[in-house]
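Notes to accompany the following structure.
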Amino acid sequence: MTTVAETESGAKRPPSALAAVARSPRWLRYALLAVGLGMAALLPNVLYPPVAVDILCWALFAVSVDLLLGYTGLMSFGHAAFWGTSAYVTGLVAINAGLPFPAAVLLGALAAAVLAVPIGYLAVSRTGIYFAMVTLAFAQMVYFIANEWRSVTRGENGLQGVPRELLGLDLTDDYYFYYAALPIALLGLAAAWRIVNSPFGRVLVGIRDNPARARALGYPVRRYKLTVFVLSGFIAGLGGGLFALGHRFVSLETLHWTTSGKAVIVVVLGGIGTLWGGVLGAGILVRLEDWLSFSGFEAINLVTGTIFVLVVLLFRRGIWGTVAALAARWRPGRRE
């Protein structure tokens, strides 16, 4: 698969920002990785620790959405179903079984992946707005079930007092919980990076750009879409499980369609098809919402919506995508 693929209409699609970064010198890639890991290690020292935990969770959620939207061309408005399902399963396991929190998060993510199988099987045969509407419909069904199954989910009261057990360690302080949760988040992000930088990921890009050609080359397009849909649900589940433990509370809001919409906004803000743009977008949006809430400003959605519109109008590739594209354009020795 070439980095500049032709669409069915013959138009050229510019290379993704991730491809631009991948073609940069090795030392630069290692430097960017070191900077990213350093920022992750210092985050709870420069931000309020619960905000730092939220950034980890939303980064995983945004990356999972970008796997579909940026690399497969599938717009999902129902990813809250996997985020919220994992949050509830993680909370129930932590409360009732008393397992270490990494095991609870893993079980929650596996539950999200299992749920993604039937939803994905029925949804991937559709494209465009029809795919988005099918995923939204299933997410609303999950929301309705959670709302009515009050003996398990406790309805509008939610799950309260979710414990954070880990070999007897005291993780009640969000500062220490951040560092306990960080390896799980990094593993989820590394898994997403490996997916898009594998032959499987290149096939996904080919399916996104020209599904008819991919089908003619013998690739089972629907099977590839279903596989990445399940993997995306699993990564979203990792974020949802950590979110439940970070807040020690699970509510119906985790399953609401607005949660899916917020994840899409984060991806667009950072840059569609950039992967790390989702991490950047999560950091910006979560930090902005926290700052506005503490300043007493009530119309938070008005501000975030305005920023979203400005990014769409002025930075079509998102923040990370725009910076990466500019860096690739001005790289010394670049071929014209």
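Under numbering that gives the first Met the number 0, think of the first position of the sequence shown as 0, with each following residue one higher.
Every residue, glycine too, gets a C-beta built ideally from N, C-alpha and C.
Keep in mind that this is a model prediction, so the values were computed, not measured.
Residue closest to residue i, alpha-carbon to alpha-carbon, out of the options
{"i": "Gly72", "options": "Thr126, Ala103 and Pro99", "result": "Thr126"}
{"i": "Val229", "options": "Ser63, Gly269 and Glu155", "result": "Ser63"}
{"i": "Thr134", "options": "Trp290, His255, Pro198 and Ala281", "result": "His255"}
{"i": "Gly304", "options": "Ile264, Ala323, Phe314 and Leu46", "result": "Ile264"}
{"i": "Thr321", "options": "Val302, Thr273 and Ser85", "result": "Thr273"}
{"i": "Val285", "options": "Ala262, Gly295 and Gly270", "result": "Ala262"}
{"i": "Leu313", "options": "Val88, Ala96 and Gly269", "result": "Gly269"}
{"i": "Val50", "options": "Arg328, Arg153, Trp290 and Ile128", "result": "Trp290"}
{"i": "Gly160", "options": "Ser150, Thr171, Trp192 and Gly167", "result": "Thr171"}
{"i": "Gly232", "options": "Ser259, Ala211 and Ser292", "result": "Ser259"}
{"i": "Gly35", "options": "Val151, Leu181 and Ala102", "result": "Leu181"}
{"i": "Val151", "options": "Thr84, Pro219, Ile194 and Ala103", "result": "Thr84"}
{"i": "Leu66", "options": "Ile271, Arg149, Glu155 and Arg247", "result": "Ile271"}
{"i": "Asn129", "options": "Asp169, Tyr177 and Gly77", "result": "Looking at the sequence shown, residue 129 is not Asn but Tyr. Selected option, being the one with the closest Cα: Gly77."}
{"i": "Ile54", "options": "Glu147, Gly154, Tyr177 and Ala122", "result": "Tyr177"}
{"i": "Trp57", "options": "Gly236, Ile299, Arg316 and Val302", "result": "Gly236"}
{"i": "Ala103", "options": "Ile118, Trp192, Arg247 and Phe143", "result": "Arg247"}
{"i": "Pro101", "options": "Phe296, Tyr218, Gly238 and Phe293", "result": "Gly238"}
{"i": "Leu32", "options": "Ala189, Phe293, Tyr218 and Phe296", "result": "Ala189"}
{"i": "Ala96", "options": "Trp148, Ala215 and Pro162", "result": "Pro162"}
C-beta contact flag for residue i and residue j at 8 Å
{"i": "Ala145", "j": "Leu251", "result": "yes"}
{"i": "Ala213", "j": "Gly205", "result": "yes"}
{"i": "Ile234", "j": "Gly276", "result": "no"}
{"i": "Leu59", "j": "Ala138", "result": "no"}
{"i": "Leu203", "j": "Tyr120", "result": "no"}
{"i": "Ala323", "j": "Ala61", "result": "no"}
{"i": "Gly240", "j": "Ala39", "result": "no"}
{"i": "Met74", "j": "Ala111", "result": "no"}
{"i": "Leu279", "j": "Ile306", "result": "no"}
{"i": "Val116", "j": "Gly245", "result": "no"}
{"i": "Glu164", "j": "Ala243", "result": "no"}
{"i": "Leu106", "j": "Thr89", "result": "yes"}
{"i": "Thr253", "j": "Ala79", "result": "yes"}
{"i": "Tyr174", "j": "Pro48", "result": "yes"}
{"i": "Leu337", "j": "Pro99", "result": "Coverage of the chain is limited to positions 0 through 335, which leaves residue 337 absent and any answer about it impossible."}
{"i": "Ile283", "j": "Ser292", "result": "no"}
Span of the alpha helix (DSSP H) around residue i
{"i": "Asn300", "result": "Ile299 to Leu313"}
{"i": "Leu225", "result": "Val220 to His246"}
{"i": "Val151", "result": "Arg149 to Thr152"}
{"i": "Arg212", "result": "Pro210 to Ala215"}
{"i": "Pro182", "result": "Asp173 to Val195"}
{"i": "Ile264", "result": "Trp256 to Gly269"}
{"i": "Arg286", "result": "Trp275 to Phe293"}
Nearest-angstrom Cβ-Cβ length linking residue i and residue j, presumed shorter than 8 Å
{"i": "Val227", "j": "Leu68", "result": "No, Val227 and Leu68 are not in contact; Cβ-Cβ is about 11 Å, not under 8 Å."}
{"i": "Leu114", "j": "Val249", "result": "That pair is no contact at about 16 Å."}
{"i": "Val141", "j": "Leu225", "result": "Contact doesn't hold; Cβ gap of about 18 Å is too wide."}
{"i": "Pro210", "j": "Val195", "result": "The pair is not a contact, with the Cβ atoms about 18 Å apart (cut-off 8 Å)."}
Can you give, in chain order, each stretch of the beta strand (DSSP E) that sits fully within the segment 32-103 and has at least 3 residues?
none
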